[in-house]
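Q: I have a structure I would like to understand better, so I am pasting it below and will then ask my questions one at a time.
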Amino acid sequence: MKRFISVVFFLIVSIAILGSVYYKAKKQDIQRQSVAQSTKTLYVYTDMSLELIHAVAKLFEMKTGITVDVIPLTENQILDASLRTAQQADIVISSQEVLQQLSTKQQLHPFISEQTDTVLYPYRAENGLWTGVWIDPIIFIVNPTFYKENFDILYTWDSVIQNMDIRISVTDFVTSRESENLLYCMGEHFGDEETLMRLLQLGKHVVQYGKYLSTPMRMVAMNKADVGISNYSEAMRAKKEQFPVQIIYPDDGQPWYLYGIGIYKDAPNFELAGEFVDWVLSEDLKNTMGEVGTYYLLTNDVMQEKDDRGCLLDLWDLKKVFVKEGRDAFKKEWISEVRFAKKAE
């Protein structure tokens, strides 16, 4: 009996020792994995606002412990690998046009998840090669005095364009890709010839073609224009900074500009990159964007924001197929037939 008790006691002690060794080894393994995870670095190419992307990267690092190295590049550098000398990136954050071209060049890897599936197809590639993250609609910014004194005006595109009594401010289409986006959106929505006719009419009561996206907002706030054609982000920034402006969504729908994200097909950290993509589509980013003065709308809840009349967005149904030659020809036609038509007379 004593021998049996000794054997049992020995077995219990042995099991306890083995269990302790296993637990310690397991704990060290978890710690090693945690350290390895925290020392991993995601590399991101972008041609967007560094203030915004750095803020996004910092918040992701705080949430996950994963370092995000943001590498600023020009649009041409992103599109042409021979122009890049930097570390191969895992992720690219850029405009829809750039992401479409990278897809055509077969530089992106498909990524589809429950989170990306919440984004509607007009704002993401059906094959999963890129996903739209932020959308910036084109809207009207209205002088509050004009708005009160002209309560019967219809805020459709044609009514604003055809009303010669309305002083208009709009950013020149040749100043940036965001501003020329309105030209291409109108071309797809109305047709090229119909768009040029509308813009020729509009040009007759444009008080100033601005050089900056903020110009229409400032012209309206200073009562130098009645209606500004501007992007939503600039309008919201003006409201937050308490500029005297009214935000009005065009009654017959709104053009829009899209920024998105893609994962490179040779990404060194594909799984972590997928985690980052899912995270940027989460609610965490809303406050961060406001803190850096950027008010893009998330593509998976874009329809919830109302204008100062309580109206919801009704974005134009646009395919936005990027054809550089066609766009360049259309822009040249606008320059010659509309923008500088008076000088040619």
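Numbering-wise (this note's numbering), the sequence shown opens with residue 79 and increments by one.
Ideal placement from N, C-alpha and C gives every residue a C-beta, glycine not left out.
Can you tell me which residues form a DSSP beta bridge with Lys-384?
A: Leu-390
Q: Over what stretch of residues does the alpha helix (DSSP H) that includes Gly-46 continue unbroken?
A: There is no way to answer for residue 46, as the model of the chain reaches only from 79 to 423.
Q: Mapping DSSP to helix, strand and coil, what is Arg-245?
A: coil
Q: For Gly-265, which of helix, strand or coil comes out of DSSP?
A: Here DSSP, grouped into helix, strand and coil, assigns Gly-265 to helix.
Q: If you run the structure through DSSP and keep just helix, strand and coil, what is Ile-341?
A: Reduced to three states, the DSSP call for Ile-341 is strand.
Q: Between the C-alpha atoms of Leu-361 and Met-297, what's the straight-line distance to the nearest angstrom?
A: Correcting the residue identity first, residue 361 is Glu in this sequence and not Leu. Using only the alpha carbons, I get a separation of about 33 Å.
Q: Enumerate in chain order the residues of its own chain whose CB-to-CB distance from Ser-169 is below 8 Å, with the five nearest sequence positions on each side excluded.
A: The identity of residue 169 in the sequence shown is Ile, whereas the question assumes Ser. Non-local beta-carbon contacts of Ile-169 in its own chain, meaning distances under 8 Å to residues more than five positions away in sequence, involve Leu-120, Tyr-121, Val-122, Tyr-123, Ile-339, Gly-340, Ile-341, Tyr-342, Ala-345, Ala-351, Phe-354 and Val-355 in chain order.
Q: Since Phe-400 contacts Gln-178 with CB under 8 Å, what's their CB separation in whole angstroms?
A: 5 Å
Q: So, at 7 Å on beta carbons, what are the nonlocal neighbours of Asn-365 in its own chain, with the 5 sequence-adjacent residues on each side left out?
A: none
Q: Taking Thr-223 and Pro-294 to be in contact with their CB atoms under 8 Å, please state how far apart those CB atoms are, rounded to whole angstroms.
A: Between Pro-294 and Thr-223 the Cβ distance is about 16 Å, and since that is not below 8 Å, they are no contact.
Q: Short of 6 Å in beta carbon distance, which residues of its chain neighbour Asp-329, apart from the five on each side in sequence? Order them along the chain.
A: Tyr-233 and Thr-234
Q: My understanding is that Gly-265 touches Thr-253, with C-beta atoms under 8 Å, so please give their C-beta distance in whole angstroms.
A: Actually they do not touch by this definition, with Cβ atoms about 18 Å apart.
Q: Got a sec? Which residues, its chain only, sit under 8 Å from Ile-149 by beta carbon, not counting five neighbours each side?
A: Tyr-121, Val-122, Tyr-123, Thr-124, Ala-164, Gln-165 and Ala-167
Q: When you compare the CB positions of Leu-278 and Ala-419, do they come within less than 8 Å of one another, or not?
A: yes
Q: Please confirm whether Cys-389 and Tyr-327 have their CB atoms less than 8 Å apart.
A: It is a contact, given that the beta carbons lie within the stated cut-off.
Q: Can you list, in chain order, the residues of its chain with a C-beta nearer than 7 Å to that of His-283? Leave out the 5 residues immediately preceding and following it.
A: Met-242, Ile-244, Arg-245 and Ile-246
Q: Tell me which residues share the same chain as Tyr-201 and place their Cβ nearer than 7 Å to its Cβ, disregarding the 5 neighbours each side in the sequence.
A: Gly-210, Ile-213, Leu-336 and Thr-377
Q: Cα separation between Ile-156 and Asn-228?
A: Taking the straight line from one Cα to the other gives about 47 Å.
Q: Which residues does DSSP pair with Phe-218 in a beta bridge?
A: Ile-307 and Ile-326
Q: Check the C-beta distance from Ala-303 over to Val-285 and give it rounded, since I have them as a contact under 8 Å.
A: 5 Å
Q: In angstroms with no decimal places, state the Cα-to-Cα distance between Ile-217 and Ile-307.
A: Going from the Cα of Ile-217 to the Cα of Ile-307 covers about 6 Å.
Q: Tell me which residues share the same chain as His-267 and place their Cβ nearer than 6 Å to its Cβ, disregarding the 5 neighbours each side in the sequence.
A: Trp-394
Q: Can you list, in chain order, the stretches of the alpha helix (DSSP H) that have 4 or more residues and sit fully within the region 152-194?
A: 153-157 and 174-182
Q: Using CA coordinates, which residue listed in Glu-312, Asp-270, Arg-162 and Asn-301 is at the minimum distance from Lys-410?
A: Checking every option, the nearest Cα to that of Lys-410 belongs to Asp-270.
Q: Is it true that the CB of Glu-153 sits closer than 8 Å to the CB of Val-134?
A: no
Q: Relative to the ligand NAP, is the shortest distance from any of its heavy atoms to the C-beta of Phe-418 smaller than 7 Å?
A: Among the components modelled here there is no ligand, and therefore nothing to report on the ligand NAP.
Q: Within the same chain, show all residues whose beta-carbon is closer than 7 Å to that of Leu-207, passing over the 5 residues directly before and after it, in chain order.
A: Ser-181, Leu-186, Pro-188 and Gly-340
Q: In terms of DSSP beta bridges, what is Tyr-123 paired with?
A: Ile-149 and Val-170.
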